[in-house]
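Q:
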Amino acid sequence: MRMKIKNLLVLAVAAMMFFLSSCSGMDFGIEALILPPKLTNEQSELYTALETAAGTENLRLRYPKSGYNNSAFSFYDIDNDGHKEAIVFYSIQDETDTRINILKNAGNKWISVYDARGKEEVVVSVEFAEFTEGKTSIVIGWQNTISGNNIFTVYGFAGNTLSEEFSTSYEASAVCDLTGDGCDDAVIFSSIDESGETSIRLVSSQGDELRVISEEKLSIGAAEYLSVKNGSAAGIENALYVDYKIADESYSTDILYFENNKLKSLFALKGEELPIRYEALLSEDIDNDGVIEIPYQTAMEGAQTEEEEITYLTTYYEASKLSIYPKFTAVINIRDGYMYKLSADWVDSVVLIKSSYDNEWSFCELLDNNIVGMELLRIRTVNKNTYHDKFDETYRLIAEKGVNQYYIFVPSTESELQKTFVECKNNFSVIDK
Ligand SMILES: [Ca+2]
Ligand SMILES: [Ca+2]
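Position in the sequence shown counted from 1, then plus 72, gives you the numbering used here.
#1: State the CB to CB distance for the pair F229 and D151, rounded to an integer number of angstroms; the pair is presumed to be in contact (CB under 8 Å).
#2: I'd like the span of the beta strand (DSSP E) that includes Q369, first residue to last.
#3: Should A416 go down as buried or exposed, given a rule of 16 or more other Cβ atoms within 10 Å for buried?
#4: Taking the alpha carbon of V403 as the point to measure from, which residue in I443, F500, T492 has its own alpha carbon closest?
#5: May I ask whether a heavy atom of ligand 1 can be found less than 8 Å away from the beta carbon of K181?
#6: As a quick check of your reading: which residues have a C-beta less than 7 Å from at least one non-hydrogen atom of ligand 2, in chain order?
#7: Could you spell out where the alpha helix (DSSP H) holding Y119 opens and where it closes?
#8: Let me know if S506 comes out buried or exposed under the rule of 16 or more other beta-carbons within 10 Å of its beta-carbon.
#9: For E281, which of E237, K334, A158, F481 has the nearest alpha-carbon?
#10: How many angstroms separate the CA atom of S52 from the CA atom of E296?
#11: Pairing CB atoms from the region 481 to 495 with CB atoms from the region 445 to 452, are three or more of them under 8 Å?
#12: With a threshold of 8 Å, are at least 3 pairs of Cβ atoms found where one atom belongs to the region 196 to 215 and the other to the region 180 to 188?
#13: On the criterion of 16 or more Cβ atoms from any shown chain inside 10 Å, does S428 qualify as buried, or is it exposed?
#14: By Cβ distance, which residues of its chain are closer than 6 Å to L290, with the 5 residues on each side in sequence left out?
#15: Taking 8 Å as the limit between beta carbons, can you name the residues of its chain near E495, skipping five residues before and five after?
#16: Using a threshold of 9 Å, state whether the C-beta atoms of T240 and V275 are closer than that.
#17: Output the distance between the C-alpha atoms of G474 and N455, rounded to the nearest integer angstrom.
#18: Quick one: grab the DSSP three-state call for E266.
#19: Please return the same chain residues whose Cβ sits closer than 6 Å to the Cβ of A158, not counting the five positions on each side in sequence.
#20: On a CA-only basis, which of S322, F261, S267 is nearest Y313? Give me that one, please.
#21: Would you check whether ligand 4 has a heavy atom nearer than 8 Å to the C-beta of H155?
#22: Would L439 be called buried (16 or more neighbouring beta carbons within 10 Å of its own) or exposed?
#23: Would the beta-carbon of I348 fall within 9 Å of that of I318?
#24: Tell me whether D280 sits in a helix, a strand or coil according to DSSP, three-state version.
#25: Does any heavy atom of ligand 1 sit closer than 8 Å to the C-beta of I150?
#26: Quick one: what does DSSP say N431 is sitting in, helix, strand or coil?
#27: Helix, strand or coil for C496, going by three-state DSSP, please let me know.
#28: Note down the Cα distance separating A246 from S355, rounded to an integer number of angstroms.
#29: DSSP beta-bridge partners for T325?
#30: So V422 packs on F435, CB below 8 Å; how close in whole Å?
#31: Does the beta-carbon of S267 have 16 or more other beta-carbons within 10 angstroms, so that it is buried, or is it exposed?
#32: If we count the other Cβ atoms within 10 Å of its Cβ and call it buried at 16 or more, is N332 buried or exposed?
#33: What does DSSP give as the partner residue(s) for Y227 in the beta ladder?
#34: Taking the alpha carbon of N457 as the point to measure from, which residue in E321, Q477, M446, A371 has its own alpha carbon closest?
#35: With a CB to CB cut of under 7 Å and the five nearest residues on each side skipped, what residues in its chain are close to T217?
#36: Using only the heavy atoms of ligand 1, determine whether one of them is closer than 8 Å to the beta carbon of K207.
Structure below.
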């Protein structure tokens, strides 16, 4: 049951984070969404300058609700004069409008140089980009509180004035260099349309103007976006890995790249079977070799649980422009935060038995007709802050993360599938959850 809750949480948070920032990674910090961060000394000085500019002390700061830049104040040299400006969003008490204020540091003092009403009431995200060489742009994701629609807006700041340079509705977006010319591009993901398709637009600077230069569709319509990450793959220097929900409890990934002046989807182009999984796992560089892997899942034969939930085998694939190939297969315990890699002889030859009473996963031989054979390994997760009976001393502690301690027990058997303690320990890893 807890696993379900965890999945819902990821989705709930993902649903709140329409603006997915790729180049700096995504911040799924729950606290950041609930508690406004405390102001630093510098921010307190800024706040005073803001009060002076607004002519009232009745201000409320507005925090971008997602993205990596979710403090009330953002600092960036937006006019390229060598000094950072401060950008702040606020409301005057009892008013619903969100205002944007830009302050400059004059000596030791912050002074407001620009103030205007925002495009919408909710600030989804703020980030900075260089769409044209040597020129900084401010990218703000706005959201209409009534319709829930998001608007991706790009601004330039010159002569102490903010001017809008590009604006479009969006569901998710990423700012990074996809065309490979050294300048940023924006990739805009729309929500699913009436025909069940999802379009992706590539926005790039052309002759000092931001324009949609190419459009492509995802292989399957996206019901919801979970993550957009940039990386590379063999044959594709600049790739965008998009993880999205396609239906209830099923998820996929597409890889986007730019070639011959066009935005392309790797899976649509190759007619490859799409990566499908049933738990909200994300594409990530799971083995730390610098290349992102994509998780595929299939149901594990013969697995036994008390709650009749399906146990999945997860195979991480690496994609290249020419092919997609498996790197390893594992079982993933999302609730307890670990992954156990199956050696080749274990895939399809072992079965997993889950015991929620002991918080233990046990691997046994899988014989013909789904008969369970000898036990090969037990993995037990213990919360170190709660009382637990002392269990068998044959268990050995192999890892800890947060409150969790992970113990394994490797029985000695005559099985051809028998592994040593060290092999089992090496196949185990904690995962971020
Ligand atoms: Ca500046
Ligand atoms: Ca990798």
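For each residue, glycine too, the CB sits at the ideal point set by N, CA and C.
A: Short version:
#1: Looking up residue 229 in the sequence shown gives position 157. Looking up residue 151 in the sequence shown gives position 79. Contact annotation, F229 with D151: C-beta distance approximately 5 Å; criterion of less than 8 Å satisfied.
#2: To locate residue 369, count along the sequence shown from 1; it is residue 297. Boundaries of the beta strand (DSSP E) around Q369: 365 to 371.
#3: Counting from 1 along the sequence shown, the entry for residue 416 is found at position 344. When all chains shown are included, A416 counts as exposed.
#4: Along the sequence shown, one-based indexing puts residue 403 at 331. Checking every option, the nearest Cα to that of V403 belongs to F500.
#5: As a first step, residue 181 is located in the sequence shown; it is residue number 109 there, counting from the start. No - ligand 1 has no heavy atom lying nearer than 8 Å to the Cβ of K181.
#6: Contact residues of ligand 2 (beta-carbon closer than 7 Å to any heavy atom; chain order) are D357, I358, D359, N360, D361, G362, V363, I364, E365, E390.
#7: Locating residue 119 in the sequence shown gives position 47, counting from the first residue. Where Y119 is concerned, the enclosing alpha helix (DSSP H) stretches over 113 to 126.
#8: With the chain represented from 73 up to 505, any question about residue 506 goes unanswered, as that position is not in the structure.
#9: Here residue 281 is taken as the residue at index 209 of the sequence shown, counted from 1. The shortest C-alpha separation from E281 is found at E237.
#10: Outside the shown range of the chain, which is 73 to 505, sits residue 52, and nothing can be said about it.
#11: When C-beta atoms of the region 481 to 495 are compared with those of the region 445 to 452, three or more pairs fall below 8 Å, so the two segments count as touching.
#12: In short, these stretches do not touch, since the Cβ pair count stays below three.
#13: Position 356 of the sequence shown, counted from the start, is the residue given in the question as residue 428. So S428 ends up on the exposed side.
#14: Along the sequence shown, one-based indexing puts residue 290 at 218. Non-local C-beta neighbours of L290 in its own chain, meaning closer than 6 Å and more than five positions away in sequence, comprise T270, D326, ordered along the chain.
#15: As a working mapping, residue 495 is identified with position 423 in the sequence shown. Excluding positions up to five away in sequence, the list reads S415.
#16: Counting from 1 along the sequence shown, the entry for residue 240 is found at position 168. Counting from 1 along the sequence shown, the entry for residue 275 is found at position 203. Judged by their CB atoms, T240 and V275 are nearer to each other than the 9 Å cut-off.
#17: Reading the sequence shown from its first residue, position 402 is the one you call residue 474. Reading the sequence shown from its first residue, position 383 is the one you call residue 455. The C-alpha of N455 is placed about 9 Å away from the C-alpha of G474.
#18: In the sequence shown, counting from the first residue as 1, residue 266 sits at position 194. In the three-state DSSP reduction, E266 falls in the coil class, being neither helix nor strand.
#19: On the sequence shown, residue 158 is found 86 positions in, with the first residue counted as 1. Closer than 6 Å at Cβ, skipping near neighbours: L118, F145, F147, L175.
#20: For the purposes of this step, residue 313 is taken as the residue at position 241 of the sequence shown. It is F261.
#21: The model on display carries ligand 1 and ligand 2 but not ligand 4.
#22: Indexing the sequence shown from 1 puts residue 439 at position 367. By the beta-carbon neighbour count (other beta carbons within 10 angstroms, threshold 16), L439 is exposed.
#23: Here residue 348 refers to the residue found at position 276 when the sequence shown is read from its first residue. Here residue 318 refers to the residue found at position 246 when the sequence shown is read from its first residue. Remark: C-beta atoms of I348 and I318 approach each other more closely than 9 Å.
#24: Taking the first residue of the sequence shown as 1, we reach residue 280 at position 208. Residue state, collapsed to three classes: coil.
#25: As a first step, residue 150 is located in the sequence shown; it is residue number 78 there, counting from the start. Result yes, Cβ under 8 Å from ligand 1.
#26: Your numbering for residue 431 matches position 359 in the sequence shown. Coil at N431, not helix or strand.
#27: The residue given as residue 496 occupies position 424 in the sequence shown. In the three-state scheme derived from DSSP, where H, G and I count as helix and E and B as strand, C496 is classed as helix.
#28: By 1-based counting over the sequence shown, the position of residue 246 is 174. By 1-based counting over the sequence shown, the position of residue 355 is 283. Each residue's Cα considered, the two are about 16 Å apart.
#29: Taking the first residue of the sequence shown as position 1, residue 325 is located at position 253. D315, per the DSSP bridge assignment.
#30: For the purposes of this step, residue 422 is taken as the residue at position 350 of the sequence shown. For the purposes of this step, residue 435 is taken as the residue at position 363 of the sequence shown. At roughly 5 Å, the Cβ-Cβ gap stays under 8 Å, so V422 and F435 are in contact.
#31: By one-based count along the sequence shown, residue 267 stands at place 195. Residue environment for S267: exposed (fewer than 16 other C-beta atoms within 10 angstroms of its C-beta).
#32: In the sequence shown, counting from the first residue as 1, residue 332 sits at position 260. Exposed, since its Cβ has fewer than 16 Cβ neighbours within 10 Å.
#33: The residue labelled residue 227 in the question sits at position 155 within the sequence shown. Note: Y227 sits in a beta bridge opposite I210, E236.
#34: In the sequence shown, the residue the question calls residue 457 occupies position 385. N457 has its Cα closest to that of Q477, out of E321, Q477, M446, A371.
#35: In the sequence shown, residue 217 corresponds to position 145, counting from 1. Hits under 7 Å: E193, V194.
#36: Within the sequence shown, residue 207 is the residue found at index 135, counting from 1. Checking the Cβ of K207 against ligand 1 gives no.
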